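Only one structure is covered here, and it is reproduced in the block below.
Number of protein chains: 2
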Amino acid sequence: IIEARNLAKDYNLGKTVIHAVKGVDLRIEPEEFIALAGPSGSGKTTLLNLLGCIEVPSSGTLQMDGREVTRLSADQLADIRHDKLGFVFQTFNLIPVLTAFENVEYALLKRRLSPKERRDRVMDALEEVGLVEHARHRPEELSGGQRQRVAIARALVRQPEIILADEPTANLDHLTGGKVLEIMKRINEERKTVFIFSTHDPKIMEIAGRVVYLRDGEIVPAGD
Amino acid sequence: IIEARNLAKDYNLGKTVIHAVKGVDLRIEPEEFIALAGPSGSGKTTLLNLLGCIEVPSSGTLQMDGREVTRLSADQLADIRHDKLGFVFQTFNLIPVLTAFENVEYALLKRRLSPKERRDRVMDALEEVGLVEHARHRPEELSGGQRQRVAIARALVRQPEIILADEPTANLDHLTGGKVLEIMKRINEERKTVFIFSTHDPKIMEIAGRVVYLRDGEIVPAGD
Ligand SMILES: Nc1ncnc2c1ncn2[C@@H]1O[C@H](COP(=O)(O)OP(=O)(O)OP(=O)(O)O)[C@@H](O)[C@H]1O
Ligand SMILES: Nc1ncnc2c1ncn2[C@@H]1O[C@H](COP(=O)(O)OP(=O)(O)OP(=O)(O)O)[C@@H](O)[C@H]1O
Ligand SMILES: [Mg+2]
Ligand SMILES: [Mg+2]
């Protein structure tokens, strides 16, 4: 479903080049629940952004459902993201002037739903993450973990084929994080949604079907 | 060193009032290494902001080194923060146009140091958090965990009496998080700096001298 070959990403910063991801080969099958683990700065977010078509690789190839995406235009990539992917960003990226409800609803605006259908799906998503009573609050009125949960609800509500979640439990206590993971596991089993996590959370690594370890931009065997 | 009595904070949001912190009594002694734990939305960040004189309480009293601070002006509070406190924010709050070095240096500008002394102290702080080779990078060029470490270095560099750290290890892998905690533990033992953490990290709770549990804005006994 996703096939990355020799995928690499360099960042040019004046006189230095940072090889954030170096020649990664990775194949992601349908229904996978996979964790990317590794030290701070090892390339997890960058790899996730490449797999999620948010960043263009410096070299290598990436196929989504058999289609080569590395040479597509920005518009074509935007369509793929909108149709197939859902994202939870490490920095949440909520829209400050919108409420929790509106931030989640925003993800559904391009879909052909009646206002009532849309509202129901938004409220379901907010209920799953325990934020119904905060639906009308804006991000600045929410705690760190509440903002993270809005970002999670927004990724889930569109029911995409693949959800890429960057440290989705970093700001959640053990109990709340556990609940969020149960929801994701259930969606993975019921809807066959692929989940790709970048994480430091041992709970995610435990329930993941596969853990891929990164160090200095490369995949390393689990033993290291 | 810090004495809070019946400290409370309400947020007025149009028709609803959120009682983020309700009547907290808390006494913090010299040299303490104390963790505030509790579910997402339980009031940890709000309590930390009250103790750190970043938010004004709705009611109750707060004494810093015997001095009542609840009726001080904004300027007087700013002086207290600058002279006594260091802060690591849950959302890092780095200045985007400054490099990692400049973000840390910024915390020292009001102190009377020679440029060389200042530079040495900034580089020491960056070395402690493992970011020397990223000194010239701006926040957008850094990973989530690297930004968090810049925020930590900035809080440490001024060697304040009290450091309030809001989820300082949330975006760090187990190893990096452990190193950061060792640094803080050492500073606590050598310089007698008080550390007050808001955290979900069991590593911090393990090494903390005391863990205070919050639920719905109130302190609850550990058993719950
Ligand atoms: N600026 C604000 N305006 C209105 N309500 C707020 C504001 N900041 C926090 N709150 C509310 O106060 C409550 C406590 O928030 P706080 O940020 O202190 O929680 P927390 O324990 O730090 O949570 P987390 O673990 O998710 O970071 C939450 O219900 C939140 O919605
Ligand atoms: N936009 C950028 N410009 C320049 N360098 C970058 C950029 N984004 C990331 N980097 C660099 O690429 C490397 C990998 O970063 P990445 O964000 O992928 O790490 P990570 O594994 O997600 O780390 P963390 O666990 O701290 O979030 C880091 O050394 C970082 O400094
Ligand atoms: Mg990251
Ligand atoms: Mg918080």
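So the protein sequences, as listed, match chains A and B.
Quick note on the numbering used here: the first sequence kicks off at 261 and runs consecutively.
Quick note on the numbering used here: the second sequence kicks off at 261 and runs consecutively.
We put the beta carbon where it would ideally sit given N, CA and C, even for glycine.
The structure presented is a predicted model; accordingly, all values stated were derived computationally and were not measured.
Contact belief for residue i with residue j at Cβ below 8 Å, rounded distance in angstroms
i	j	result
LEU424/A	LEU345/A	7 Å
ALA411/A	PHE352/A	4 Å
LEU307/B	VAL281/B	5 Å
VAL389/A	ALA367/A	Not confirmed; about 14 Å, so no contact.
VAL348/B	ASP426/B	6 Å
GLU400/B	LEU273/A	With 8 Å as the limit, GLU400/B and LEU273/A do not qualify as a contact, their Cβ atoms being about 11 Å apart.
LEU332/A	VAL472/A	Rounded, the Cβ-Cβ distance is 25 Å, inconsistent with contact.
ILE294/B	ARG470/B	5 Å
Through-space distance from residue j to residue i, alpha-carbon basis
i	j	result
VAL480/A	ARG287/A	15 Å
VAL454/A	PRO299/A	24 Å
LEU373/B	ASP384/B	15 Å
LYS269/B	PRO356/B	30 Å
LEU328/A	ARG475/B	With the sequence shown as reference, residue 328/A is identified as Glu, and Leu is not the correct amino acid for it. Answer to the nearest angstrom: the Cα atoms are 50 Å apart.
ARG398/A	GLU450/B	42 Å
PRO428/B	SER302/B	18 Å
ILE278/A	PRO375/A	46 Å
THR459/A	GLU466/A	11 Å
HIS394/B	GLY320/B	44 Å
PRO420/A	ARG371/A	12 Å
ARG418/B	MET444/A	43 Å
HIS342/A	THR359/A	21 Å
ILE314/A	ILE261/B	49 Å
LEU267/B	THR330/B	10 Å
GLY326/B	LEU354/B	32 Å
VAL382/A	GLU362/A	9 Å
LEU386/B	GLY283/B	39 Å
LEU485/A	HIS434/B	For chain A, the structure presents residues 261 to 484; residue 485/A sits outside this window and is missing.
GLN408/B	GLN350/B	9 Å
ALA264/A	LYS275/B	51 Å
ARG406/A	ASP339/A	Checking the sequence shown, residue 406/A turns out to be Gln, not Arg. Rounded to whole angstroms, GLN406/A to ASP339/A spans 29 Å at the Cα level.
ALA430/B	ILE464/B	11 Å
ASN448/A	GLU292/A	8 Å
ALA468/A	GLY438/A	13 Å
ILE456/A	ASP380/A	27 Å
ARG248/B	LYS452/A	The question about residue 248/B has no answer here: the residues shown for chain B are numbered 261 through 484.
TYR271/A	ILE422/B	38 Å
ASN309/A	LEU322/B	46 Å
LEU477/A	THR436/B	A small correction: the amino acid at residue 477/A is Gly; Leu does not occupy that position in the sequence shown. GLY477/A and THR436/B: Cα-Cα distance of roughly 17 Å.
ARG396/B	MET324/B	37 Å
Cβ neighbour criterion (16 or more within 10 Å) applied to residue i
i	result
LYS304/B	buried
ILE364/A	Per the sequence presented here, residue 364/A reads as Val, with Ile not at that position. VAL364/A comes out buried.
SER403/A	buried
ALA226/B	As shown, chain B starts at 261 and ends at 484. That puts residue 226/B outside it, with no answer to give.
VAL392/A	exposed
PRO290/B	exposed
PRO317/B	buried
LEU369/B	exposed
Check: residue i C-beta below 6 Å from any heavy atom of ligand 3
i	result
GLN350/A	yes
SER403/B	yes
LYS304/A	yes
Heavy atom of ligand 1 within 6 Å of residue i beta-carbon
i	result
TYR473/B	no
TYR271/B	yes
ILE278/B	yes
Heavy atom of ligand 2 within 6 Å of residue i beta-carbon
i	result
THR429/B	no
GLY301/A	yes
7 Å Cβ cutoff, residue i in contact with chain E
i	result
SER300/B	Within the model displayed, chain E is absent; protein chains A and B are what it includes.
Exercise. For the segment 426–438 of chain B, which residues have a CB atom closer than 7 Å to at least one CB atom of chain A, in sequence order?
Worked result: GLU427, ALA430, ASN431, LEU432, ASP433, HIS434, LEU435 and THR436
For this session: Report the residues of the segment 308–322 of chain B with a CB closer than 9 Å to any CB of chain A, ordered along the chain.
Result: none
For this session: Would you list, in chain order, the members of the segment 265–281 of chain B that have their beta-carbon closer than 9 Å to a beta-carbon of chain A?
Result: TYR271, LEU273, GLY274, THR276, ILE278 and ALA280
For this session: Quick one: which residues of the segment 390–402 of chain A get their C-beta closer than 7 Å to a C-beta of chain B? List them in chain order.
Result: HIS397 and GLU401
Exercise. For the segment 326–357 of chain B, which residues have a beta carbon sitting closer than 8 Å to at least one beta carbon of chain A?
Worked result: GLN350 and THR351
Problem set entry | Residues, ordered as in the chain, of the segment 464–481 of chain A that lie near chain B by beta-carbon distance below 7 Å | none
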